[in-house]
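Report on the structure given below.
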Amino acid sequence: MSDPTPEDGLDLERLAMLRDLDPDDTAYLDRAIGNFVTNSPEAGAAARAAALRGDHEELKAVTHKMVGNSLNLGLNYVGTAARRLELLAGESTTEGALPLLDELDTALLRGREDLLAFQASYQGSRS
């Protein structure tokens with residue numbers, strides 16, 4: 182088994198940088214995590230719906246936004262999964278998207294879990 186690459190993991194340095202933007206107030210990071218946890222299921226569903234409709238333009242738009250949002254939060258593996266779909270849609274097709282969507286769904290679930298665990302780690306240290 183090979184060592185994980187940066188795209189396989191959670192970018193803890195990025196998350197720490199966001200947390201430390203204001204050392205006395207984690208509101209920005211808390212809001213960003215909350216937005217991802219709340220909105221990522223809908224974004225994943227929108228990507229799947231676009232692919233099933235054969236709407237490569239919508240698939241590209243949804244996944245492009247997802248790439249940016251996930252990389253901003255240090256979720257490299259979500260960004261990688263979304264980028265694969267974005268690149269596919271950029272070729273004016275949705276053919277072959279279903280297995281990539283399954284990978285994205287798995288990455289999104291993991292991302293929500295990882296972000297909530299990270300959030301719990303610093304919220305617990307404030308007690």
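Under our numbering, the first residue of the sequence shown carries the number 182, and numbering increases by one thereafter.
Ideal Cβ positions, reconstructed from N, Cα and C, are used throughout, including at glycine.
The Cβ atoms of Leu-266 and Thr-244 lie closer than 9 Å to each other. Linking Asp-205 to Ser-251 through their CA atoms gives a straight-line distance of about 24 Å.
Beta-bridge analysis with DSSP links Leu-191 to Leu-256.
For Ser-251, the three-state secondary structure derived from DSSP is helix. In the DSSP assignment, Glu-223 falls within the alpha helix (DSSP H) that extends over 208-234.
Judged by DSSP in its simplified three-state form, Thr-261 adopts helix. DSSP, read as helix, strand or coil, puts Gly-277 in coil.
Between the beta-carbon of Leu-240 and that of Ala-278 there is about 7 Å, and that keeps the pair under the 8 Å contact cut. For the pair Ala-270 and Phe-299, the Cα-to-Cα distance works out to about 32 Å. Of the candidates Leu-282, Leu-268, Ala-208, the residue whose Cα lies closest to the Cα of Ala-224 is Leu-282.
Measuring C-alpha to C-alpha distances from Val-259 to each of Gly-292, Ala-230, Leu-268 identifies Gly-292 as the nearest.
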